[in-house]
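Asker: Sharing a structure with you now.
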Amino acid sequence: AQSVTQLGSHVSVSEGALVLLRCNYSSSVPPYLFWYVQYPNQGLQLLLKYTTGATLVKGINGFEAEFKKSETSFHLTKPSAHMSDAAEYFCAVSEIAQKLVFGQGTRLTINP
Amino acid sequence: DAGVIQSPRHEVTEMGQEVTLRCKPISGHDYLFWYRQTMMRGLELLIYFNNNVPIDDSGMPEDRFSAKMPNASFSTLKIQPSEPRDSAVYFCASSLWAGTYNEQFFGPGTRLTVL
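Keeping their order, the protein sequence lines are chains Z and L.
1371 is the number of the first residue of the first sequence in our numbering; add one for each residue after it.
93 is the number of the first residue of the second sequence in our numbering; add one for each residue after it.
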């Protein structure tokens, strides 16, 4: 069965610092991978997705993620954190394309 | 273009009462999903529909929960009778099948509190 593990339920970085949110997945077939962001009291919004092709994918708000099959990872990065990036981030995997399995989420805090 | 619409945004009820949550998907989308989010269990898929037909309800916690989609523009999730442990944020999401994967668009959620 597919599953997602997000390392660190809470990550705190300084404004301007590198953001790195870790995601590892378990899948028996090449997966489709997604990162979603949830701002307080809002629904989830898609940041970026990997389906096929280039393993480095770029998303909205300056985020990007790299699919590494050998490491079964799909870590999310942003070179320079902004205060507006404070939110909860969810990694998700889909083998059967209609269904998504979400990780537990990582709450990102930005320190001024 | 309007996104996924959910109502009510907040619901407070007493244990034993019936609760109905409503969702209007994005026009033209052919998949609809219901999720529940809690601190303890995270984000869980409850049920999803394709072209108004329930495809997988294996995530529905028990018989107290039921979901319907009478037409392409409306779905309900009903809890009867409600219990305090049902307190959570319930999200509806919709998507359009792209041939290989679904990009799901989420509504703002309904925060349910059962006293």
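Ideal Cβ positions, reconstructed from N, Cα and C, are used throughout, including at glycine.
Drop a sphere of 10 angstroms on the beta-carbon of Pro100 of chain L, count the other beta-carbons inside from all chains shown, and report buried for 16 or more, exposed for fewer.
Answerer: exposed
Asker: Along chain L, in chain order, which residues have C-beta atoms closer than 7 Å to that of Gly1475 of chain Z?
Answerer: Neighbours of Gly1475 of chain Z in chain L, taken as residues at a C-beta separation under 7 Å, are given in chain order as Gly134.
Asker: Could you name the residues of the region 1438-1466 of chain Z whose beta carbon sits closer than 8 Å to any beta carbon of chain L, in the order they occur along the chain?
Answerer: Residues passing the 8 Å Cβ filter: Phe1460, Ser1464.
Asker: By how many angstroms is the C-alpha of Glu106 of chain L removed from the C-alpha of Gly201 of chain L?
Answerer: 20 Å
Asker: Of the residues L:Asp155, L:Glu103, L:Met131, which one's Cα is nearest the Cα of Ile139 of chain L?
Answerer: L:Asp155
Asker: Measure the CB-CB distance between Val111 of chain L and Ser174 of chain L and report whether it falls below 7 Å.
Answerer: yes
Asker: Would you check if there are 3 or more beta carbon pairs closer than 8 Å linking the region 184-193 of chain L to the region 128-135 of chain L?
Answerer: no
Asker: Can you give the Cα-Cα distance for Ala164 of chain L and Pro117 of chain L, rounded to whole angstroms?
Answerer: 8 Å
Asker: Strictly by DSSP, which residues pair up with Glu1315 of chain Z?
Answerer: The first residue shown for chain Z is 1371 and the last is 1482, placing residue 1315 of chain Z beyond what the model contains.
Asker: When the Cα atoms are used, what is the spatial distance from Met1453 of chain Z to Glu1385 of chain Z?
Answerer: 6 Å
Asker: What does a CB cutoff of less than 7 Å around Met161 of chain L pick up in its chain, not counting 5 residues either side in sequence?
Answerer: Leu124, Phe141, Asn144, Ser167
Asker: Based on Cα-Cα distance, which residue from Z:Asn1481, Z:Ser1379, Z:Thr1476, Z:Cys1461 lies nearest to Gln1372 of chain Z?
Answerer: Z:Cys1461
Asker: Using a Cβ-Cβ distance under 7 Å, would Gly120 of chain L count as near chain Z?
Answerer: no
Asker: Check the Cβ of Leu188 of chain L against every Cβ in chain Z and list those closer than 9 Å, keeping chain order.
Answerer: Those do not exist, as Leu188 of chain L stays about 11 Å from chain Z at its closest Cβ, beyond 9 Å.
Asker: Please report the residue range of the beta strand (DSSP E) in which His102 of chain L lies.
Answerer: 102-105
Asker: Could you pull the start and end residues of the beta strand (DSSP E) that Leu169 of chain L belongs to?
Answerer: 166-171
Asker: Excluding sequence positions up to five away, which residues of its chain have a Cβ less than 8 Å from the Cβ of Ser1379 of chain Z?
Answerer: Counting only Cβ-Cβ distances below 8 Å, and skipping sequence neighbours, we find Gln1474, Gly1475, Thr1476, Arg1477.
Asker: With DSSP run on the structure shown, which of helix, strand or coil describes Ile139 of chain L?
Answerer: strand
Asker: So is Gly1432 of chain Z in contact with chain L if we call contact Cβ pairs under 7 Å?
Answerer: no
Asker: Taking 7 Å as the CB-CB limit, is Phe198 of chain L close to chain Z?
Answerer: yes
Asker: Would DSSP call Gly191 of chain L helix, strand or coil?
Answerer: coil
Asker: Comparing the CB of Phe166 of chain L with every heavy atom of the ligand GTP, is any distance shorter than 6 Å?
Answerer: By its list of ligands, the structure shown contains no ligand whatsoever, and the ligand GTP lies outside what it can speak to.
Asker: Please report the distance separating the alpha-carbon of Tyr1406 of chain Z from that of His1445 of chain Z.
Answerer: So the alpha carbons of these two residues sit roughly 12 Å apart.
Asker: By how many angstroms is the C-alpha of Pro146 of chain L removed from the C-alpha of Leu169 of chain L?
Answerer: Taking the straight line from one Cα to the other gives about 12 Å.
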